[in-house]
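Chemist:
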């Protein structure tokens, strides 16, 4: 019974996105330790009893035929976009103080809808995160034009300590699906810095796929040398303060303090922007689905 509920909980989470799962993915995103054989037995029973549906190797809580077809389409689009994503990630890694770049969001799950952005999870040098962010966002604004959807600077985090505050199923799935492109084993380091992820997803294993090495050119070295100073310290703090003030003027009136801090993380080691409060919205919808199926799960609400 516990394993059946864990399978259903995994499917219900991705039901929020109308995203069916393969048998291997269900194992990966389950909340209890299991083997693939055990999962396959549960899936066979749930399909036989019409609790869940299967089509073309994809499982879902709703009839799966249309979702399976859509997933095949979005996966093909993600594969088409991957060379652009990797090229842009390598370009981002050339900016001062960037230590690593990973793909996040939909493309990291091998899904790209027609109007999807390409999201990047960017590791930057501790103490210079906001200067790095400013340089990248200025480049995007000035030079990317209509290609800005390929340059979505989704999340910045300092290379130390790599700790993520929001311990939820949403955060765990996002970290587990990060796709390393440039850097020094940062996905492994992120998981090690956030051991709670393995509590939420005990069957998850870090993919040891190699990342491209970070190359630092002479111009970048000179810029970094000049900004590793007290002036650089003051500039980094100034940029952080000004950006947070801008967020507060534009958005704080419409949100509680807790939701504002969730949507606009802007501390010394993290920066993210979710103007639609996507994190909270996903957890609320997931909680409703769990409640409808009488399933109790941990790490649902913040």
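Numbering (our numbering), first residue to last: -10 to 291.
Glycine is no exception: its CB is placed at the ideal position from the N, C-alpha and C atoms.
1) Determine, using beta carbons only, whether residue 205 and residue 5 come nearer to each other than 7 Å.
2) What does the Cβ neighbour count give for residue 160, buried or exposed, with the cut at 16 atoms within 10 Å?
3) Given this structure, state the Cα-to-Cα distance separating residue 42 from residue 36, to the nearest angstrom.
4) Along the chain, where does the beta strand (DSSP E) containing residue 42 start, and where does it finish?
5) Hey, quick one: how far does the alpha helix (DSSP H) through residue 259 stretch, first residue to last?
6) Using a 10 Å radius around the Cβ and a threshold of 16 neighbouring Cβ atoms, would you call residue 94 buried or exposed?
7) Label residue 146 either buried or exposed according to how many other C-beta atoms from any shown protein chain fall within 10 Å of its C-beta, with 16 as the threshold for buried.
8) Ignoring anything shorter than 4 residues, give me the alpha helix (DSSP H) runs that lie fully in the stretch 110 to 141, in order along the chain.
9) Any heavy atom of the ligand GDP closer than 6 Å to the Cβ of residue 116?
10) Distance check for residue 71 and residue -3, CA to CA, integer angstroms please.
11) Using DSSP with H/G/I as helix, E/B as strand and the rest coil, what is residue 203?
12) Hey, could you find the ends of the alpha helix (DSSP H) residue 6 is sitting in?
13) For the candidate residues 155, 25, 131, whose alpha-carbon lies nearest to that of residue 253?
14) Can you tell me whether residue 168 is buried or exposed? The criterion is at least 16 other CB atoms within 10 Å of its CB, across all chains shown.
Modeler: Per the coordinate set shown:
1) no
2) buried
3) 6 Å
4) 42 to 44
5) No alpha helix (DSSP H) contains residue 259, which is instead part of the beta strand (DSSP E) from 259 to 262.
6) buried
7) buried
8) 118 to 128
9) This structure does not include the ligand GDP; it has no bound ligands of any sort.
10) 31 Å
11) coil
12) Where residue 6 is concerned, there is no enclosing alpha helix (DSSP H), given that its DSSP letter is neither H nor E.
13) 155
14) buried
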